[in-house]
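The structure under discussion appears below in the form of structure tokens.
Number of protein chains: 2
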Amino acid sequence: MQNSEAMALSAALLAAAGGLTHRIHEGVVARGFEGLRPAHGFAFARLAPDGATATDLAVHLGVTKQAASQLVDEMVRKGYAERRAHPEDARARLVVLTARGWACTRAAEEAAAEAVREWGAVLGEGEVRVLREQLLRIAPQGPVRPSW
Amino acid sequence: MQNSEAMALSAALLAAAGGLTHRIHEGVVARGFEGLRPAHGFAFARLAPDGATATDLAVHLGVTKQAASQLVDEMVRKGYAERRAHPEDARARLVVLTARGWACTRAAEEAAAEAVREWGAVLGEGEVRVLREQLLRIAPQGPVRPSW
DNA sequence: CTATATGGTCAAGCTGCTTGACCATCACGT
DNA sequence: ACGTGATGGTCAAGCAGCTTGACCATATAG
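What follows is the structure in structure tokens.
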């Protein structure tokens with residue numbers, strides 16, 4: 004593998020990721036959820052199952068807990084999440100999605116599915132499955148880095 | 004394709020892109036080029052062939068020309084690029100990479116090749132080729148968006 | 001030759017993040 | 001039980017990267 008081929012692959016991967024991010028963001032806005040940036044999506048993904056603390060979010064996003072707390076403030080202010088008392092730790096606050104937050108999460112899923120469907124039209128369904136398997140095997144485990 | 008599968012694919016793609024960005028950045032730093040952020044890499048890619056104007060860069064990066072100009076200032080100050088008179092337009096200034104800028108570009112290519120080599124070890128060389136072709140076909144053409 | 005568009009710069013302001021300090025609560029060792 | 005350090009969270013100040021707005025110099029069209 005020559006360096007130029009590696010760069011072509013890297014550029015394509017970055018362009019595809021950037022394009023997908025853009026598509027999802029557009030789709031979410033088109034479904035009526037405004038004032039959100041892509042970074043919020045990564046937060047939603049962490050909150051989705053059962054909620055999380057601000058510090059959990061900070062680790063997941065790779066930012067300070069202050070920054071995570073500000074992000075939560077914003078999501079609360081806009082009605083996507085709310086803070087509850089933590090059932091096991093009186094210091095902590097459990098951040099959970101509101102109904103609107105869940106609706107927004109579903110909107111993001113739909114937008115993603117829409118983009119992926121177009122890939123299916125270009126590559127074929129089977130190839131998209133292959134692509135998913137390949138990406139799952141090379142994707143790192145660590146915290147999602149929401150910015151370049 | 005269910006939404007959950009689309010999300011799994013999206014998450015894997017974003018994680019792979021984020022991981023690759025991180026790897027390249029680390030590799031560039033390890034080779035002695037400091038004070039650079041991933042966004043600079045996208046600028047380098049545009050400057051590499053024959054140079055570009057600040058406005059060209061702005062369009063390519065999807066930012067204002069003022070922001071692009073500041074980025075150029077920074078690259079000039081750190082010795083990676085220099086401004087020259089534009090051969091055909093007295094208003095414009097042609098921004099070109101210095102020898103150090105080219106060395107940094109090669110370092111980024113090496114770091115990318117290193118990461119891709121690891122993917123080859125996991126997926127096999129043939130599968131990596133397939134991956135590259137697939138990504139090239141779904142990657143959008145537009146301006147590279149250096150931030151999420 | 002005027003009029004408008006374009007490349008670039010200067011200046012001010014905003015936003016999202018950081019560092020640093022601090023308080024409340026938890027968990028451990030004695 | 002109690003002191004001590006670790007941990008979750010907040011408040012405050014500062015900074016970096018970007019934006020908008022105004023402006024000048026040069027190019028291009030009518």
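Keeping their order, the protein sequence lines are chains A and S. Counting in our numbering, the first sequence runs from 4 upward without gaps. Counting in our numbering, the second sequence runs from 4 upward without gaps. The C-beta atom is built at its ideal place from N, Cα and C for all residues, glycine as well.
Check whether the Cβ atoms of S/Ala-118 and S/Leu-17 lie closer than 8 Å to each other.
Translated into positions along the second sequence, residue 118 of chain S becomes position 115. Translated into positions along the second sequence, residue 17 of chain S becomes position 14. The answer is no: Cβ separation not under 8 Å.
3 or more residues per run - each beta strand (DSSP E) lying fully within the segment 22-88 of chain S
Within the segment 22-88 of chain S, the complete beta strand (DSSP E) runs of at least 3 residues are 84-88.
Determine, for A/Leu-39, whether the minimum Cβ-Cβ distance to residues of chain S falls below 8 Å.
The sequence position of residue 39 of chain A within the first sequence is 36, counting from 1. Closer than 8 Å: no.
Residue closest to S/Ala-46, alpha-carbon to alpha-carbon, out of S/Ala-71, S/Arg-26, S/Val-31, S/Ala-33
Locating residue 46 of chain S in the second sequence gives position 43, where the first residue counts as 1. Checking every option, the nearest Cα to that of S/Ala-46 belongs to S/Ala-71.
CA-to-CA distance, A/Leu-60 to A/Gly-30, given in whole angstroms:
For the purposes of this step, residue 30 of chain A is identified with residue 27 of the first sequence, where counting begins at 1. For the purposes of this step, residue 60 of chain A is identified with residue 57 of the first sequence, where counting begins at 1. If you take the alpha carbons of A/Gly-30 and A/Leu-60, they lie about 24 Å apart.
Quick one: grab the DSSP three-state call for S/Arg-96.
By one-based count along the second sequence, residue 96 of chain S stands at place 93. S/Arg-96 carries a strand assignment under DSSP once its states are collapsed to helix, strand and coil.
Okay, do the segment 94-102 of chain A and the segment 41-58 of chain A touch, 3+ Cβ pairs below 8 Å being the bar?
yes
Rank A/Ser-7, A/Gly-44, A/Gly-129, A/Glu-91 by C-alpha distance to the C-alpha of A/Tyr-83 and give the top, closest one.
Taking the first sequence and counting its residues from 1, one reaches residue 83 of chain A at position 80. When each option's Cα is compared against that of A/Tyr-83, the closest is A/Gly-44.
Host alpha helix (DSSP H) of S/Ala-142 (start-end):
The residue given as residue 142 of chain S occupies position 139 in the second sequence. Element bounds for S/Ala-142: n/a, residue is neither H nor E.
What first and last residue would you give for the alpha helix (DSSP H) that runs through A/Thr-108?
As a first step, residue 108 of chain A is located in the first sequence; it is residue number 105 there, counting from the start. Taken as a continuous stretch (DSSP letters only), the alpha helix (DSSP H) holding A/Thr-108 covers 102-126.
Round the Cβ separation of A/Leu-12 and S/Leu-138 to the nearest angstrom and send it over; I've been treating them as touching at under 8 Å.
Here residue 12 of chain A is taken as the residue at index 9 of the first sequence, counted from 1. Here residue 138 of chain S is taken as the residue at index 135 of the second sequence, counted from 1. Yes, they are in contact, since the Cβ atoms of A/Leu-12 and S/Leu-138 sit about 7 Å apart, within 8 Å.
Proximity to S/Arg-120 [Cα-Cα], best of S/Ala-111, S/Ala-110, S/Val-131
In the second sequence, residue 120 of chain S corresponds to position 117, counting from 1. It is S/Val-131.
Taking the alpha-carbon positions, what's the S/Gly-129 to S/Val-66 distance?
Along the second sequence, read from residue 1 onward, the residue named residue 129 of chain S stands at position 126. Along the second sequence, read from residue 1 onward, the residue named residue 66 of chain S stands at position 63. Here the alpha carbons of S/Val-66 and S/Gly-129 stand approximately 37 Å from one another.
Where does A/Glu-136 sit, in a helix, a strand or coil, going by DSSP?
On the first sequence, position 133 is the one that residue 136 of chain A refers to. Residue state, collapsed to three classes: helix.
Nearest-angstrom Cα separation, counted from A/Ala-9 out to S/Glu-136
Counting from one through the second sequence, the residue named residue 136 of chain S turns up at place 133. Counting from one through the first sequence, the residue named residue 9 of chain A turns up at place 6. Rounded to the nearest angstrom, the two C-alpha atoms are 12 Å apart.
Please list the partners that A/Gln-137 has in chain S, where partner means a Cβ-to-Cβ separation under 7 Å.
Counting from one through the first sequence, the residue named residue 137 of chain A turns up at place 134. Those are Leu-126, Glu-130, Leu-134, listed as they occur along chain S.
As assigned by DSSP and simplified to three states, the class of A/Glu-8
Sequence index remark: in the first sequence, residue 8 of chain A carries index 5 (1-based). Three-state result, A/Glu-8: helix.
Looking only at C-alpha atoms, which of A/Thr-108, A/Gln-69, A/Arg-87 sits nearest to A/Pro-41?
The residue given as residue 41 of chain A occupies position 38 in the first sequence. Minimum Cα distance to A/Pro-41 is reached at A/Thr-108.
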